[in-house]
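All remarks here apply to the structure that follows.
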Amino acid sequence: MILSRETPHFLPTKGMKSEYYDRIFSMNIKRRVIPTEEIEKQLAICSEVRKEFEGKIPLALVDTFGCQQNEEDSEKIRGYLAEMGFEMTDDEFKADLIVINTCAVREHAEMRVFGNLGALTHAKKENPNQIIAVCGCMVQQEHIVDKIKKSFRHVDLVFGPDELWRFPELIYTVMTKRKRIFAPGSGDGCVAEGIPHLRSDKVKAWLSIMNGCNNFCTYCIVPYTRFRERSRQPGEIIAEARELVAAGYKDITLLGQNVNSYGKDLESSVNFAQLIRKVNDIEGDFVIRFMTSHPKDATDELFAAMRDCEKCEKHLHLPLQSGSDRILKAMNRYYNTEKYLALVDRVREFIPDIVLTTDIIVGFPGETDEDFEDTMRVIEKVRFDAMFTFIYSKRVGTPAAEMPDPFTREQKQAHFDRLVETQNRISEEKHREYIGKTVRVLIDGKDREDGVLTARTSGGRLVRVSGGESLIGSFVYVNITDCNTWALRGELV
Ligand code: SAH
Ligand code: SF4
Ligand code: F3S
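For the sequence shown, my numbering begins at -7 and goes up steadily by one.
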């Protein structure tokens, strides 16, 4: 049902040369709700796939690149695979089915996928019946699908994020017809409920509240691979959150490319701030996190909900991307540094000890030394607790790919190194402020190498603490005794 639709405030067709992207843009203005019966049909096909293995327990390997949204998609793929009778393996030579869930956000991620795919020829040679599937954001791009068709002939199945709901049917067809299938999404932007999840973590859970993005930041591929914003119904989200709490999950992260615009496409009047309050009302001992927030629509209402809800963690990831107004405009970010800094002041008024983290892109086309110095000034002013830093990566079909980019990789790398060095110092200084304090943390795992327990503060800072494995999944108090740039060291109280 199409109720209302936020028109993207930037038309990507402007200055873009690819007909493919024009088509994607013009097509993907719909919200296609997949009827529950369709998902039931898919689950019935799972039993058919199971029969094809004639009593043998088949093994599957699912490899995930990219963001939490992709992690969550992989949990659905594993959910379907479990229905088909698969058990999971890490060994590509033992796997009957390999699924590579890919990310397109930067070239580096794509190169890694191609590297891994190339290496899989050996496994397939030893086991010619093996099925290799590639899904995720990368294969929502025409030039990538062409490349896989031509140069990676051992790949049997390709499907975009929007076709995940019919994964069982696609696998069944590959198995029974023994032909290659290419099913990138149509661009409709589907919403599907009722796909089973197989979650690997027992403490932390991803809860996708929406999909897609309407923002068209000029550097970013996501709006072309995930299509327009569509929110899940609040009732479905609350029901899933209740199930997670009942199953013992302690840490629930609400996911979306831009959670602050949650609900704008729905008839229901629940916005993101109200959704946090509703999840907070669920009884139980758990915490709520969320990502990601776009600064252009972070509101007082959101900050008030974060402050008022005792289960909502006091952490805001607010991607700045650049501290130069000129570059922010070229990025189509819809705020300037003045507005961003005012927002930081505002959230600190509501929640004085809020942990703030951010993303920065270095070397956006045309970014000068001066622009970069502007970014450095904003960084010093805000003093983020942590930062994800990226060197700009040109994405086919995005407007920024058409912009003049006269600066060399070396110049960009020098800026990048300076930024990282500065942020490392700030992160360590911020961490030092914890020393001597007692903080409540959730123990969420164990370091594989040295067996030390890992925990997260309310602000999401990593704490390493010695203790027994039985503590995993408990909230405990720790004294912070030491730190470095990346983590705090604590002792159980
Ligand atoms: N929707 C989220 C996250 C998008 S991807 C948001 O807007 O915050 C995560 C981060 O990757 C972005 O915040 C941005 O910093 C970075 N990124 C996206 N496209 C990029 C590109 N082409 N080159 C380099 N970094 C990029
Ligand atoms: Fe990409 Fe995020 Fe911008 Fe959307 S808001 S276009 S996902 S960087
Ligand atoms: Fe990558 Fe797609 Fe996520 S491009 S960052 S996997 S939305």
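All C-beta atoms, glycine included, are put in the ideal place defined by N, C-alpha and C.
Since we're looking at a predicted model, the values are computed, not measured.
With 16 as the cutoff for other CB atoms within 10 Å, does residue 478 come out buried or exposed? exposed
Nearest neighbour of residue 69, chosen from 58, 30, 125 [CA to CA]: 125
Among 198, 184, 146, 189, whose alpha-carbon lies nearest the alpha-carbon of residue 174? 146
Taking a contact to mean a Cβ-Cβ separation below 8 Å, would you say residue 279 touches residue 303 in this structure? yes
Look at residue 205 and residue 249 and say whether their C-beta atoms are less than 8 Å apart. yes
Roughly how many angstroms lie between the CA atoms of residue 241 and residue 404, to the nearest whole one? 42 Å
Option nearest residue 215 by Cα separation, candidates 150, 177, 121, 233: 177
Please report how far the alpha carbon of residue 485 lies from the alpha carbon of residue 470, in whole angstroms. 5 Å
Residue 165: beta carbon under 7 Å from a heavy atom of the ligand F3S? no
Is residue 383 helix, strand or coil by DSSP? strand
For residue 256, count neighbouring C-beta atoms within 10 Å of its own C-beta (all shown protein chains included) and say buried if the count is 16 or more, exposed if not. buried
How about residue 63 and residue 157: are their beta carbons less than 8 Å apart? no
CA-CA distance, residue 382 and residue 99? 11 Å
8 Å Cβ cutoff met for residue 287 and residue 258: no
From residue 229 to residue 85, what does the alpha carbon distance come to, in whole angstroms? 38 Å
What residue from 222, 354, 179, 277 has the CA that sits closest to residue 433's CA? 277
Can you find a heavy atom of the ligand SF4 that lies under 7 Å from the Cβ of residue 415? no
Please tell me whether residue 308 and residue 346 are closer than 8 Å, where the distance is taken between their beta carbons. yes
Assign residue 196 to one of three DSSP states: helix, strand, or coil. strand
Tell me which residues share the same chain as residue 452 and place their Cβ nearer than 8 Å to its Cβ, disregarding the 5 neighbours each side in the sequence. 281, 305, 307, 347, 349
Sequence-distant residues of its chain with Cβ nearer than 7 Å to residue 336 (five each side left out): 348, 374
Measuring alpha carbon to alpha carbon, tell me which residue in 290, 435, 427, 111 is nearest residue 467. 435
Cβ-Cβ separation, residue 314 to residue 367 (assumed contact under 8 Å), whole Å: 6 Å
Could you say which of 58, 66, 131 lies nearest to residue 97 if we only look at CA atoms? 58
Measuring only the C-alpha atoms, how far is residue 370 from residue 329? 8 Å
What runs of the alpha helix (DSSP H), each 4 residues or longer, lie entirely inside the segment 46 to 100? 60 to 75
C-beta atoms of residue 75 and residue 35 nearer than 8 Å: yes
Residues near the ligand SF4, CB to any non-hydrogen atom under 6 Å, in chain order? 205, 207, 208, 209, 212, 214, 215, 249, 250, 286
Tell me which residues share the same chain as residue 127 and place their Cβ nearer than 6 Å to its Cβ, disregarding the 5 neighbours each side in the sequence. 93, 151
Let's see if you can read the secondary structure: which residues bound the alpha helix (DSSP H) around residue 429? Looking at the DSSP string, residue 429 is not in any alpha helix (DSSP H), and its letter there is neither H nor E.
What number of angstroms, rounded off, separates the C-alpha of residue 483 from the C-alpha of residue 465? 17 Å
What do you reckon, is the C-beta of residue 349 under 7 Å from a heavy atom of the ligand SAH? no
Reducing DSSP to helix, strand and coil, say where residue 202 ends up. strand
Give the DSSP-derived three-state secondary structure of residue 290 in the structure shown. coil
Where residue 79 falls, given that 16 or more other Cβ within 10 Å makes a residue buried: exposed
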